[in-house]
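Q:
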Amino acid sequence: MESKDENSSEVDKGTDMEDQITTINIDTDSGSYEITEIGSSGVKFLAKTKNGGRTDYIDRDDFNAKKHYSLNGKYLTYTYELGFDFIKPYHCLLSGSCTDQPLDIPDFVDVKPVTITWSGWLDDLSGVGNYQYELFDLIANGSENLMTGNLIAGPTDINGLESRFEITFPNPGAYFVVLTCFDKAGNFKSTRRILLFDDASVVTIQHQYPNLIMSATKETSRLWIIDRPPAIYVKWTNRFINERHHAMKWLNTVNPDPAVSAEYDDREGDRTIEWKTNINAILEFQVKYQIMYGETRIREKDFLKTWNVLAQDTFISEILEDGERINIWVRAYDAVRAYVDDFVYATADSSPPIIQNLWLTRGSFLNVTVHNVLELNAMT
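The numbering of the sequence shown is our numbering, which starts it at 19 and goes up by one.
1. Per DSSP, which residues does D201 bridge with? Please list them.
2. From G287 to Y193, what distance separates their C-alpha atoms?
3. Going by C-alpha to C-alpha distance, which of D118, A364 and R289 sits closest to G312?
4. Which one of E99, P248, Y75 and T222 has the shortest CA to CA distance from E339?
5. For my contact list, L153 and V195 are in at a C-beta cut-off of 8 angstroms; report their separation, rounded to the angstrom.
6. If you follow the alpha helix (DSSP H) that M266 is in, where does it begin and where does it stop?
7. In three-state terms, what does DSSP make of A83?
8. Compute the distance between the beta-carbons of F102 and N205, then report whether it is under 8 angstroms.
9. Can the beta-carbon of D360 be found less than 8 angstroms from the beta-carbon of N168?
10. Can you list, in chain order, the residues of its chain whose CB lies under 8 angstroms from that of L140, leaving out five sequence neighbours each side?
11. Apart from the five residues on each side of it in sequence, which residues of its chain come closer than 7 angstroms, Cβ to Cβ, to S219?
12. Going by the beta-carbon positions, is the gap between R182 and D284 smaller than 8 angstroms?
13. Say whether the region 114-132 touches the region 92-101, bearing in mind that this needs 3 or more beta-carbon pairs closer than 8 angstroms, one atom from each stretch.
14. What residue from S208, K306, Y98 and S137 has the CA that sits closest to T198's CA?
15. Closer than 7 angstroms by C-beta to T235: which residues in its own chain qualify, once you throw out the five before and the five after it? Chain order, please.
16. Might you give, ordered along the chain, the residues of its own chain that have their beta carbon closer than 8 angstroms to the beta carbon of I76, omitting 5 neighbours on each side?
17. Please state if the CB of I212 and the CB of R289 are separated by a distance shorter than 8 angstroms.
18. Quick check on Y282: does DSSP put it in helix, strand or coil?
19. Quick check: what's the CA-CA separation for F126 versus Y251?
20. Assign A265 to buried or exposed, taking buried as 16 or more other Cβ atoms, counted over all protein chains shown, within 10 Å of its Cβ.
21. Would you please state the rounded distance, in angstroms, between the beta carbons of I231 and I346? I believe it to be under 8 angstroms.
22. Excluding the 5 residues preceding and the 5 following S335 in the sequence, name in chain order all residues of the same chain whose CB lies nearer than 6 angstroms to its CB.
23. Could you pull out every residue in the same chain whose Cβ sits closer than 6 angstroms to the Cβ of N296, ignoring the five residues on either side in sequence?
24. From the DSSP output, which residues share a beta bridge with T97?
25. If we count the other Cβ atoms within 10 Å of its Cβ and call it buried at 16 or more, is P173 buried or exposed?
26. Helix, strand or coil for R211 per DSSP?
27. Please say whether G178 and Y149 have beta carbons closer to each other than 8 angstroms?
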């Protein structure tokens with residue numbers, strides 16, 4: 019038996035292990051064997067052998083001489099590859115080589131079913147094998163943060179060539195989807211996305227909290243503006259609410275999932291693992307107004323988003339003339355864009371009253387112009 023190493027054992031430090039190929043040839047009487055080590059990714063065994071032999075016989079025509087002849091055999095080659103893959107699959111977005119999403123899902127949903135897509139998953143050694151998804155609900159359970167609740171659907175296997183599936187949510191609620199990518203060696207990496215589903219969302223007005231034009235005077239129940247402020251200030255603290263979203267804390271911070279590493283967790287989009295900015299589960303306010311004089315519309319501006327939802331107020335850059343009325347609509351949106359409108363108005367009157375046709379009377383006498391103090395005191 020003879021063996022030899024065709025390559026030097028010295029490692030080129032400038033070459034990746036996956037590029038280093040070492041081959042060992044073994045020759046025997048029955049054939050040859052070749053063992054090829056392909057870096058750290060695996061080993062390939064190649065066996066080449068030839069069958070055959072010889073036939074011994076006695077030649078009766080040659081005085082029983084013992085003779086033989088050889089059989090012409092065939093060469094047979096067998097190859098077996100054993101791969102090594104201890105590296106998890108990864109997504110190209112994390113390496114900065116793409117803009118694909120490891121899992122793309124709407125943040126706020128009011129219809130079902132919902133189509134979920136993904137792309138850009140890679141595995142450099144054994145290759146991507148298949149995917150698997152799971153659907154969980156999120157619950158507060160007495161805490162301010164949302165935590166993993168029940169497994170609603172899955173785990174469901176998906177062919178490695180697929181890149182989408184549909185999910186139907188059983189009830190309104192906060193959920194998260196976990197997508198796991200498996201390579202052919204069984205290594206895996208998971209990502210997740212948070213979402214809120216509600217196909218019956220309702221925004222309501224809390225009438226115990228007023229919607230007020232603060233530029234109008236308190237003494238007139240905020241109905242009259244008696245000076246000329248440079249802007250009309252409107253405030254609606256706690257006026258609007260989505261009671262279910264607020265009570266169930268569906269927009270609160272989501273606790274980490276131990277099965278999902280931080281860089282693969284939901285950190286992009288409108289709904290992430292972080293607290294979603296809201297006030298009473300309201301995500302946006304818009305304001306519309308009209309300036310009227312009697313029944314005549316002077317000017318108007320359509321709905322515009324306010325600067326800060328948490329402030330629950332706005333300034334309208336209008337200076338009203340005497341007799342003009344401002345009609346204001348405030349619209350409150352929740353996460354799935356359900357909304358409710360509220361209306362308030364005020365009228366401008368900044369001029370003092372005019373006293374005219376003043377008459378003094380005494381008994382049945384009108385236009386009495388001169389009275390003494392006692393007479394004035396007794397006048398009605």
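Glycine included, C-beta positions come from ideal geometry on N, C-alpha and C.
A: So, from the data block:
1. V146
2. 15 angstroms
3. A364
4. P248
5. 6 angstroms
6. E261 to M266
7. strand
8. no
9. no
10. P107, Y108, H109, C110 and V146
11. D128, N260, D352, V354 and A356
12. no
13. no
14. S208
15. W242 and I244
16. N82, A83, K84 and K85
17. yes
18. helix
19. 32 angstroms
20. exposed
21. 7 angstroms
22. A249
23. L269
24. L64
25. exposed
26. strand
27. yes
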